[in-house]
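In the working numbering, the protein residues as written are 182 to 277. From the three backbone atoms N, C-alpha and C, an ideal C-beta is built for every residue, glycine too. Computed from a prediction, not measured in an experiment: that's the story for all the values here.
Written out as structure tokens, the structure reads:
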């Protein structure tokens, strides 16, 4: 859930679709997501990665805040799991 990629790549289009399904969020949740994303990048040196499809902004925020407290090795494991889930969803989308 890093910065929105507005490029014309297929990857960016997938990301926009997945994040677009989160629905509306109030200003406080969006502010906390923004602050959490910055804190995550500062702590781990990369953007926060999560399968957004099927989640609300509040669910993403809760997971972001939880993962900020993890050790780097555990966070890498979770990133791998999230990448697998994202890839599986994208493959399913291609096969439909």
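May I ask which residues mark the beginning and end of the alpha helix (DSSP H) holding residue 267? Mapped onto the chain shown, residue 267 falls at position 86. Residue 267: member of the alpha helix (DSSP H) spanning 253 to 276, first to last residue.
Terminal residues of the alpha helix (DSSP H) in which residue 248 lies: By one-based count along the chain shown, residue 248 stands at place 67. First-last of the alpha helix (DSSP H) with residue 248: 238 to 248.
Extent of the continuous alpha helix (DSSP H) run through residue 215: For the purposes of this step, residue 215 is taken as residue 34 along the chain shown, with counting starting at 1. Per DSSP, the unbroken alpha helix (DSSP H) holding residue 215 starts and ends at 208 to 225.
Tell me whether residue 241 is buried or exposed, calling it buried when 16 or more other Cβ atoms sit within 10 Å of its Cβ. As a first step, residue 241 is located in the chain shown; it is residue number 60 there, counting from the start. Residue 241 counts as buried, since no fewer than 16 other beta carbons sit within 10 angstroms of its beta carbon.
Please confirm whether residue 238 and residue 206 have their CB atoms less than 8 angstroms apart. The residue labelled residue 238 in the question sits at position 57 within the chain shown. The residue labelled residue 206 in the question sits at position 25 within the chain shown. Their beta carbons are under 8 angstroms apart, which means residue 238 touches residue 206 by this criterion.
With distances taken Cα to Cα, identify the nearest neighbour of residue 267 among 230, 226, 251, 224. Against the chain shown, residue 267 aligns to sequence position 86. For the set 230, 226, 251, 224, the Cα lying nearest the Cα of residue 267 is the one of 230.
Expected contact under 8 angstroms - CB spacing of residue 245 and residue 221 to nearest Å: Taking the chain shown and counting its residues from 1, the one referred to as residue 245 is at position 64. Taking the chain shown and counting its residues from 1, the one referred to as residue 221 is at position 40. About 6 angstroms separates the beta carbon of residue 245 from that of residue 221, a gap short enough to meet the 8 angstroms contact definition.
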